[in-house]
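Q: Shown below is the structure under consideration.
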Amino acid sequence: MSELLDNLNPKQREAAETTEGPLLLLAGAGSGKTRVLVHRMAHLVEKGVRPHNILAITFTNKAAKEMRHRVENIIPSGADIWVSTFHSMCVKILRIDVEKTGFSRNFTIYDAQDAERLVKDVIKQLNIDDKKFPAKSVMYEISNQKNELLTPEDMAMLSEGDFRLKTIAKIYSVYQRRLIANNALDFDDIIMKTVELFSTHPDVLEKYQNRFRYIMVDEYQDTNTSQYQLIRFLSAKYENLCVVGDDDQSIYGWRGANINNILDFEKDFTGAKVIKLEQNYRSTGNILNAANTVIKNNSSRKGKKLWTDKGEGDSINLFRAETDIQESIYVMDTILRAVKLGKKHSEFAVLYRTNALSRVIEETLFKNGVPYRIFGGIRFYERREIKDVLAYLKAVANPNDEISLKRVINVPKRGIGDTTIEKITLYAVEEEMNFLAALKNAEEALGKKSKTSDRIGVFLEMLEMFRTDSESMPVSDLIKKVIDETGYLDNLLFEKTSGNDDSQDRLENVKELISKAAEFEKQSETPTLAAFLEDVALVADIDNYSETDDTVVLMTLHSAKGLEFPNVFIVGVEENIFPGYRAVSGETEKEMEEERRLCYVGITRAMERLYLSNSVIRRHNGAYVSNAPSRFLREIPKELINSGAERKIQAKNPQPAKQGFDKPFSAQYKKRIDPISVPVSKEKLDFVVGDMIEQARYGVGKVLDIREAGADYEVLVSFSEAGNKKFMAHLAKLKKANI
10 MSELLDNLNP KQREAAETTE GPLLLLAGAG SGKTRVLVHR MAHLVEKGVR
60 PHNILAITFT NKAAKEMRHR VENIIPSGAD IWVSTFHSMC VKILRIDVEK
110 TGFSRNFTIY DAQDAERLVK DVIKQLNIDD KKFPAKSVMY EISNQKNELL
160 TPEDMAMLSE GDFRLKTIAK IYSVYQRRLI ANNALDFDDI IMKTVELFST
210 HPDVLEKYQN RFRYIMVDEY QDTNTSQYQL IRFLSAKYEN LCVVGDDDQS
260 IYGWRGANIN NILDFEKDFT GAKVIKLEQN YRSTGNILNA ANTVIKNNSS
310 RKGKKLWTDK GEGDSINLFR AETDIQESIY VMDTILRAVK LGKKHSEFAV
360 LYRTNALSRV IEETLFKNGV PYRIFGGIRF YERREIKDVL AYLKAVANPN
410 DEISLKRVIN VPKRGIGDTT IEKITLYAVE EEMNFLAALK NAEEALGKKS
460 KTSDRIGVFL EMLEMFRTDS ESMPVSDLIK KVIDETGYLD NLLFEKTSGN
510 DDSQDRLENV KELISKAAEF EKQSETPTLA AFLEDVALVA DIDNYSETDD
560 TVVLMTLHSA KGLEFPNVFI VGVEENIFPG YRAVSGETEK EMEEERRLCY
610 VGITRAMERL YLSNSVIRRH NGAYVSNAPS RFLREIPKEL INSGAERKIQ
660 AKNPQPAKQG FDKPFSAQYK KRIDPISVPV SKEKLDFVVG DMIEQARYGV
710 GKVLDIREAG ADYEVLVSFS EAGNKKFMAH LAKLKKANI
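Letter by letter, the sequence shown follows residues 10 to 748 of the numbering used here.
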């Protein structure tokens with residue numbers, strides 16, 4: 010084992026050998042943190058710690074799988090170490106003891122769509138205006154409350170005097186009662202209910218404290234309040250807690266992550282030791298220097314400086330196009346030139362602040378035959394046909410699952426319409442019973458003997474048959490039986506013969522689900538229906554990312570965290586886009602600092618070459634806008650930037666190409682897609698600062714500022730609902746409002 014530790018650098022080795030007491034590893038991007046954690050576990054086992062007593066927690070299934078694989082490769086008994094995500098760990102705990110919190114062990118896990126659908130039902134039940142209280146925004150607020158471990162009663166008490174929050178607290182209360190009736194947990198409940206279990210049942214907590222005497226938590230900067238409390242509970246008895254994180258990569262504040270968890274670690278855990286891992290094994294010196302100089306502008310950070318012995322490497326390429334279409338062609342042109350020189354498509358990633366920026370890039374790559382894969386679209390498990398089949402399986406595994414029952418009770422159509430479902434739902438509410446019980450009383454609920462109640466009876470008998478089958482039948486065979494017996498497969502085949510363009514894809518997706526179930530059966534120690542549904546519920550889009558696919562990768566900067574690519578493009582590096590409008594117009598530095606951390610994350614994804622780009626004009630949110638270059642670009646020292654690439658595309662006279670694949674935009678690719686037309690003459694505006702103007706998308710707004718911008722005018726407009734927006738006056742067809 011000492012030979013293995015000899016392969017670590019001095020700071021890594023110190024971290025691996027520090028086994029007792031609280032430890033904070035400030036691990037910079039690309040500093041080999043997973044390697045350190047695995048060697049630390051190996052060192053613990055060598056010292057005599059039972060693998061059974063070691064717990065390692067991370068955030069994604071992909072990271073957990075990689076860590077588990079490495080552990081089993083260097084530790085003979087590594088299979089006994091519990092390597093898991095937060096949610097997977099808590100689900101295992103709840104499957105044993107959840108009954109102590111009011112749920113049954115066969116609970117269903119609701120994804121975001123399921124939870125939102127239930128919230129919609131509750132809003133309708135309470136006769137609340139869904140335009141003033143959209144289900145998505147209500148669900149966001151409820152999620153925030155759960156992340157802070159606040160119950161509906163807590164929220165109601167804290168929202169006194171605030172009508173909006175008071176109303177959401179009421180929805181939250183009924184929503185939670187409906188979850189209990191459905192025997193379902195939403196994603197936030199998985200952590201919250203585990204914390205509740207530990208806080209109300211000391212005997213259960215002590216069982217797991219004695220089990221997990223050595224705890225390691227990866228990506229600690231991403232933890233929220235509920236996850237923090239979970240770790241506090243588990244580590245309280247032995248205090249052998251090692252957390253690994255990078256405060257400079259804390260980018261999930263918008264979904265509840267609390268950067269103070271890592272910033273205040275020494276305050277929370279007395280006697281904590283801090284070790285900084287600053288040597289980077291991923292990127293070149295110029296890339297790291299750019300990242301270091303950008304992030305040092307943040308004040309809320311521990312402070313560290315990444316370095317490498319790989320050399321300076323290439324300069325950073327900065328490119329400013331006239332339009333977003335020309336920006337996308339620049340990206341494509343660079344990739345195609347590199348591929349001609351022997352590079353693979355998979356060596357390139359295109360990153361962006363919001364999904365909306367991917368459209369133009371995607372269209373350009375598609376039209377020119379460049380293979381790509383985009384992350385952040387509709388996940389496989391969110392596709393309609395997959396949700397349908399999984400809803401059947403959920404209704405089999407948990408008969409009380411109202412959302413799943415409602416989804417499939419008339420899919421394929423069997424004569425049980427929306428009016429019938431509404432009547433039964435109302436009956437369930439009035440009689441204070443769950444939806445399943447109301448279905449069983451359909452004859453009484455519907456007021457008379459009818460064919461509809463007979464159809465409901467047949468539907469329930471069919472589910473009961475599947476339930477019996479599920480006890481002995483492999484999941485893949487059960488899926489085949491479900492789609493056959495329900496007529497779902499016949500329905501898809503009929504759609505195919507009827508010329509439905511999507512039917513073939515839907516058929517292929519259902520076949521893929523069967524294949525995934527078969528693969529799960531081979532790999533799982535407990536290949537039950539419940540285990541399969543749990544596995545599906547906890548999978549993330551990024552878990553399916555594969556380095557072996559030879560395609561250009563398109564994804565948001567948030568999705569790219571934890572990944573690395575030889576060549577990285579970050580597009581749309583402009584004020585109001587990256588950093589976003591909210592951060593630019595915010596009253597505090599908190600949002601801007603998170604945007605800057607996101608920039609740091611993006612920069613450090615690049616191993617060899619980094620390309621930053623923006624455009625003078627782009628179509629964004631339905632309008633043509635002109636944004637200034639991002640402030641983050643000004644924070645990068647000029648000597649790190651390739652000045653030959655820092656220019657606008659000259660529409661008529663493109664600069665001559667350089668050698669290699671870093672040369673400027675190529676005229677031959679410019680001809681493939683016509684850029685948007687830019688006005689060549691500057692017409693006078695019919696409005697001035699202070700006037701009210703009309704814009705097609707946002708309506709009437711007040712002109713705050715007007716500036717010349719080439720052949721057009723850049724106009725800053727304030728709208729009552731949309732806030733401040735910038736436009737190119739003639740492109741956006743702004744005109745004085747007739748009021």
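Glycine included, every Cβ here is placed at the ideal spot set by N, Cα and C. This one's a predicted model, so the numbers in the text were calculated from it and none came from an experiment.
1) Using the C-alpha atoms, what's the distance from residue 575 back to residue 534?
2) Identify every run of the alpha helix (DSSP H) within the region 188–273, keeping only runs that are complete inside it and at least 4 residues long; order them along the chain.
3) Where does residue 575 fall in DSSP's three states?
4) Within the same chain, show all residues whose beta-carbon is closer than 6 Å to that of residue 155, passing over the 5 residues directly before and after it, in chain order.
5) Assuming residue 66 contacts residue 93 under a Cβ cut-off of 8 Å, what Cβ separation, rounded to an integer in Å, is found between them?
6) Going by DSSP, which residues form a beta bridge with residue 629?
7) Between which two residues does the alpha helix (DSSP H) carrying residue 521 extend?
8) What's the gap between the Cα of residue 253 and the Cα of residue 44?
9) Which of the three DSSP states, helix, strand or coil, is assigned to residue 736?
10) On the three-state DSSP scale, how would you describe residue 135?
11) Let's test the definition: count the other Cβ atoms within 10 Å of the Cβ of residue 283 and tell me whether it reaches 16, buried, or not, exposed.
12) Can you give me the C-alpha to C-alpha distance between residue 513 and residue 494, rounded to a whole angstrom?
13) Under a three-way DSSP split, which group does residue 694 fall into?
14) Just list the residues that DSSP pairs residue 726 with in beta bridges.
15) Residues in its own chain within less than 8 Å of residue 466 by CB, not counting five upstream and five downstream?
16) What did DSSP end up calling residue 41 once you bin it into helix, strand or coil?
17) Quick one: Cα of residue 592 to Cα of residue 583, how far?
18) Could you give the distance in angstroms between the alpha-carbon of residue 681 and the alpha-carbon of residue 581?
19) Please state the DSSP three-state secondary structure of residue 383.
20) Is residue 270 buried or exposed, if buried means 16 or more other CB atoms sit within 10 Å of its CB?
21) How is the alpha helix (DSSP H) around residue 468 delimited, first residue to last?
22) Rounded to whole angstroms, what is the Cα-Cα separation between residue 526 and residue 400?
23) At the level of alpha carbons, what is the spacing between residue 502 and residue 416?
24) Which residues bound the beta strand (DSSP E) around residue 564?
25) Please classify residue 131: is it buried, with 16 or more other beta-carbons within 10 angstroms of its beta-carbon, or exposed?
26) Check whether the region 302–313 and the region 331–346 are in contact - that is, three or more C-beta pairs closer than 8 Å.
27) Can you check whether the CB of residue 645 is closer than 8 Å to the CB of residue 325?
28) Threshold first: 3 residues or longer. Then list the beta strand (DSSP E) segments lying entirely within the region 309–378, N to C.
29) Could you check if residue 20 is buried or exposed, using at least 16 other CB atoms within 10 Å of its CB as the buried criterion?
30) Per DSSP, residue 638 is paired with what?
31) By how many angstroms is the C-alpha of residue 707 removed from the C-alpha of residue 429?
32) Do you know whose CA, among 454, 462, 208, 33, lies nearest residue 279's CA?
33) Return the residue from the list 102, 218, 365 that minimises the CA-CA distance to residue 628.
34) Counting Cβ pairs closer than 8 Å, one from the region 608–626 and one from the region 281–296, do we hit at least three?
35) For residue 231 and residue 187, I'd like the C-alpha separation in whole angstroms.
36) If residue 304 sits next to residue 606, beta carbons under 8 Å apart, how far is it from one beta carbon to the other, in whole angstroms?
A: This is what the structure holds:
1) Using only the alpha carbons, I get a separation of about 37 Å.
2) 196–209, 211–220, 234–244, 269–272
3) Residue 575 falls in the strand class under three-state DSSP.
4) The answer, listed in chain order, is 197, 201.
5) 6 Å
6) 632
7) Where residue 521 is concerned, the enclosing alpha helix (DSSP H) stretches over 512–532.
8) 12 Å
9) strand
10) coil
11) Exposed.
12) 20 Å
13) Residue state, collapsed to three classes: coil.
14) Among the bridge pairs identified by DSSP, residue 726 is matched with 712, 734.
15) 451
16) coil
17) 12 Å
18) Here residue 681 scores only 35 on pLDDT, less than 50, and its place in the model should not be relied on; the value that follows carries that caveat. Approximately 21 Å between the Cα atoms of the pair.
19) strand
20) By the 10 Å Cβ count, residue 270 comes out buried.
21) 460–479
22) The alpha-carbon atoms of residue 526 and residue 400 are separated by roughly 15 Å.
23) The C-alpha of residue 416 is placed about 20 Å away from the C-alpha of residue 502.
24) Counting along the chain, the beta strand (DSSP E) containing residue 564 begins and ends at 561–565.
25) buried
26) no
27) yes
28) Fully enclosed beta strand (DSSP E) runs of 3 or longer: 325–332, 357–361.
29) buried
30) 583
31) 40 Å
32) 33
33) 365
34) Taking 8 Å as the limit for Cβ pairs, the verdict is that the region 281–296 does touch the region 608–626.
35) 30 Å
36) The Cβ separation is near 7 Å, so the contact holds.
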